[in-house]
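Asks: Before anything else, here's the structure in question.
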Amino acid sequence: MEIKEILELVEREKINLIDLKVVDILGKWRHVTLARTNFSEKTFYDGVGFDASNLGYAKVTNSDMIMIPDPSTAMIEYIGDDKVLSMICDVYDVETGEPSLHDPRSLLKKSLESISDIADKVYFGPEYEFHIFKDVRYTVESNDISVYIDSDEGFWNSFDKGEYFIGRKKGYHRIPPFDTLMEVRNKIVNELLKYGVPVKYHHHEVGTCQVEIELSFVDALKAADYTLLVKYIARKVAKEYGLIVTFMPKPLYNEAGNGMHVHQFMVKNEKNIFAGNKLYGLSEIALSYIAGLLKHAGSVMAFSNPSTNSYRRLVPGFEAPTNAVFALANRTAAIRIPAYVKDDKKRRIEFRTIDASCNPYLAFAAMILAGIDGIRKSLDPTQEGFGPFEGDAYNENIKPLPTSLDAACNELRKDNEYLTVFPKELINHWIRIKLSESREIMSIPHPKEFENYFDV
Numbered sequence: 001m002e003i004k005e006i007l008e009l010v011e012r013e014k015i016n017l018i019d020l021k022v023v024d025i026l027g028k029w030r031h032v033t034l035a036r037t038n039f040s041e042k043t044f045y046d047g048v049g050f051d052a053s054n055l056g057y058a059k060v061t062n063s064d065m066i067m068i069p070d071p072s073t074a075m076i077e078y079i080g081d082d083k084v085l086s087m088i089c090d091v092y093d094v095e096t097g098e099p100s101l102h103d104p105r106s107l108l109k110k111s112l113e114s115i116s117d118i119a120d121k122v123y124f125g126p127e128y129e130f131h132i133f134k135d136v137r138y139t140v141e142s143n144d145i146s147v148y149i150d151s152d153e154g155f156w157n158s159f160d161k162g163e164y165f166i167g168r169k170k171g172y173h174r175i176p177p178f179d180t181l182m183e184v185r186n187k188i189v190n191e192l193l194k195y196g197v198p199v200k201y202h203h204h205e206v207g208t209c210q211v212e213i214e215l216s217f218v219d220a221l222k223a224a225d226y227t228l229l230v231k232y233i234a235r236k237v238a239k240e241y242g243l244i245v246t247f248m249p250k251p252l253y254n255e256a257g258n259g260m261h262v263h264q265f266m267v268k269n270e271k272n273i274f275a276g277n278k279l280y281g282l283s284e285i286a287l288s289y290i291a292g293l294l295k296h297a298g299s300v301m302a303f304s305n306p307s308t309n310s311y312r313r314l315v316p317g318f319e320a321p322t323n324a325v326f327a328l329a330n331r332t333a334a335i336r337i338p339a340y341v342k343d344d345k346k347r348r349i350e351f352r353t354i355d356a357s358c359n360p361y362l363a364f365a366a367m368i369l370a371g372i373d374g375i376r377k378s379l380d381p382t383q384e385g386f387g388p389f390e391g392d393a394y395n396e397n398i399k400p401l402p403t404s405l406d407a408a409c410n411e412l413r414k415d416n417e418y419l420t421v422f423p424k425e426l427i428n429h430w431i432r433i434k435l436s437e438s439r440e441i442m443s444i445p446h447p448k449e450f451e452n453y454f455d456v
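Read left to right, the sequence shown gives residues 1 to 456 (UniProt numbering).
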C-alpha cells in the first residue's frame, strides 16, 4: 500500500489501533501500538522513538533511535475484537536520519542494493520446519536442571493409549489419523494466505510432532519479513488449540531437528541467471555462487546457525549437513541441487545448513554476500574441492562445517571481508553476544554428565 491508501483505510474502516513491529538483534519481533489519534502521515517521516538498547542494537548510554513503518508491509489483523493495522518498521539513527548501522532489516536492504550490478532480484523459497507440542516445561536451578515435553502424538505415549501413533523417525508425509496436526496446520496456512503469504504446501515431517510449511519464491526481503510472520501466526494459532510451537533446531533427543532450508536463485533483466548449460543445468554464475557460499560457510553459520542448539541438529543421521559440499539430490550435502527441477525459470540451489533460530535479515544478507563474493572472484566449486559429491557425506571428513557456536564465531572473526556492508562494530557485537551465550550454557551441568561422571 501507499501512505495515502493506508491513511484512507484507517479513516474508512475506523481503525483505532496501529501496531508497529520491529526486529531486535536476535531476530525476534517487538512492537508498540499507536492510538489512532497519534497516527498520521508524519508517522511515516518522523517515526516513533524507542530505546534501542533493549533490542540489542546499542548501549544504554546512547540508545535513542526511531522506528519508521514501511507502508508496503501494511496488513490488517484482529487482536480480540479489535481490527488492527500492522506494519513492519525500519530503524533510523536520530542524529543522522539514516538507517541504523545495526538495524538488521536495513542491512539486508543495503546488501541487496550492493549487488545490483549482478542481480536485480534475489529470490528465496524458505522451508519452515517446527514442532508442535501439548506441554513444555523446563527449569535451570542449582538443584534442578530439567526439561519435560509431551504431546498426544508423541511415540513415547504409544504404550499408554490404544491409538494410532507415528513411530520414531517415521512421520514424513504421513496422513491422518497418524498425522494429528493437519487441522492446526490448515488453520496456520489459511491465516498466512489471508496476509498474502504465498504458501506452497504443508505436511508432516520426519519427527514426531514435527511439521513443515514451505513458501513459493519471493524476493529476499519479503522472505525475511515472512519468516517472522510465519512464526507469529504459527504460535498464535497453536495457542488457540492449547498447543505450543517451537522452531528450536533440536528440541527432541534422537529425533530429526528443525532446519530452515532456503531455495534460492537470482534474476537479471528478468532472466534466471542460475540457469545455464554447465553442471546440473546451472550457469557459471550459479556455480561461483555455490563456491562462495561454501567457502565462507563456516563464517556464515555464525549468522545462519547462531544458537548452541543449532549444532545439536547438525549431526550425522538426521538429514542435516556436516560438510561444506554440494551435490545433486543429496540431502546430506550443505547445498543440494534439486534433481526434479527441469524448468530453467525455476533452476535453483538449496542451502540446507540454516535454521530458524537465526535473525533472517542478517542470515540472508550473509548468505547472499558470501555467494556474491564467489561470483566476483569467479570461483569454481569443483576446483575448490566442494564437489560435486556423490554418496553419503556423513561418512566423509571432506570440508567439515563448524561443530559448535564457538567454532562458527571464530570463523566469522577470521573471515568477514566478504560481508562488505556489515559494519565491523556489528560483527564484533554479534560475536560477543553469541560467545557470551555459549559460555553461559557451557557453565551449566548437563544431565548426561551425571550419567557419565557422577560416580567418578
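All residues carry an ideal CB built from backbone N, CA and C; glycine is no exception. Values in this document were obtained by computation on a predicted structure and should not be read as measured data.
Does the count of Cβ pairs from the segment 252-269 and the segment 349-360 closer than 8 Å reach three?
Replies: They touch, by the three-pair rule.
Asks: Within its chain, find whatever has a CB closer than 7 Å to the CB of residue 492; leave out the 5 residues flanking it on each side and keep chain order.
Replies: Nothing about residue 492 can be read from this structure; the chain reaches only from 1 to 456.
Asks: Where does Cys-275 sit, in a helix, a strand or coil, going by DSSP?
Replies: Sequence check: residue 275 is Ala here, not Cys. Three-state result, Ala-275: strand.
Asks: Going by DSSP in three states, Leu-243 sits in which element: helix, strand or coil?
Replies: Coil.
Asks: Quick check on Leu-101: does DSSP put it in helix, strand or coil?
Replies: Correct three-state label for Leu-101: coil.
Asks: Within 10 angstroms of the Cβ of Glu-240, are there 16 or more other Cβ atoms? Answer buried if so, exposed if not.
Replies: Exposed, because fewer than 16 other Cβ atoms sit within 10 Å of the Cβ of Glu-240.
Asks: Enumerated in chain order, which unbroken segments of the alpha helix (DSSP H) with a length of 4 residues or greater are wholly contained in the segment 296-372?
Replies: 297-304 and 310-313, all fully within the segment 296-372.
Asks: Give the single residue among Thr-246, Asp-117, Glu-5 and Lys-295 whose Cα lies nearest to the Cα of Tyr-128.
Replies: Considering only alpha carbons, the answer is Thr-246.
Asks: Beta-carbon within less than 7 Å of Ala-324's beta-carbon, same chain only, minus the 5 sequence neighbours each way: which residues are those?
Replies: If we look at Ala-324 and ignore the five residues flanking it on each side, its Cβ neighbours are Leu-294, Ala-297, Ala-334, Phe-386, Lys-399 and Leu-401.
Asks: Give me, in chain order, the residues of the same chain whose beta-carbon lies closer than 7 Å to that of Lys-342; leave out the 5 immediate sequence neighbours on both sides.
Replies: Correct list: empty, nothing qualifies.
Asks: Check for me: the beta strand (DSSP E) holding Val-122 runs from which residue to which?
Replies: It spans 121-133 - the beta strand (DSSP E) in which Val-122 sits, taken as one unbroken run.
Asks: In its own chain, which residues sit with a C-beta less than 6 Å from the C-beta of Ile-18, not counting the 5 before and 5 after it?
Replies: These residues qualify, in order along the chain: Leu-34, Phe-39 and Leu-85.
Asks: For Ile-392, collect the residues of the same chain with a Cβ closer than 8 Å to its Cβ; drop the 5 residues on either side in sequence, then sort them by chain order.
Replies: Checking the sequence shown, residue 392 turns out to be Asp, not Ile. Only Thr-332 meet the Cβ criterion.
Asks: What are the start and end residues of the beta strand (DSSP E) that includes Asp-46?
Replies: No beta strand (DSSP E) holds Asp-46; the alpha helix (DSSP H) holding it covers 43-46.
Asks: Spell out a yes or no on whether the segment 226-238 and the segment 176-191 are touching, meaning 3 or more CB-CB pairs, one atom from each, closer than 8 Å.
Replies: Yes, they touch.
Asks: Would the segment 9-28 count as touching the segment 75-83 if we require 3 or more Cβ pairs under 8 Å?
Replies: Counting Cβ pairs under 8 Å, three or more are found: they touch.
Asks: Taking just the CA atoms, how far does Ala-327 sit from Tyr-164?
Replies: Those two C-alpha atoms are separated by around 37 Å.
Asks: Under a Cβ-count criterion, where at least 16 other Cβ atoms within 10 Å of its own Cβ denotes burial, should Glu-141 be classed as buried or exposed?
Replies: By the 10 Å Cβ count, Glu-141 comes out exposed.
Asks: Could you tell me which residues DSSP puts in a beta bridge with Lys-268?
Replies: According to DSSP, Lys-268 bridges with Lys-271.
Asks: What residues in its chain sit with their C-beta under 6 Å from that of Tyr-362, if we drop five residues either side in the sequence?
Replies: Residue identity differs from the one stated: residue 362 is Leu in this sequence, not Tyr. Pro-104 and Phe-303.
Asks: Taking DSSP's pairing of strands, which residues face Ala-35 in a bridge?
Replies: DSSP output for Ala-35 lists Leu-17 as bridge partner(s).
Asks: Classify Phe-165 as helix, strand or coil using the three-state DSSP reduction.
Replies: DSSP places Phe-165 in coil when its eight states are reduced to three.
Asks: Going by the DSSP bridge assignment, what does Pro-400 pair with across the sheet?
Replies: Per DSSP, Asn-323.
Asks: Go through its chain and collect everything with a Cβ distance to Thr-227's Cβ below 8 Å, but skip five positions before and after it.
Replies: Cβ within range, chain order: Pro-126, Tyr-128, Met-260, Ala-356 and Pro-360.
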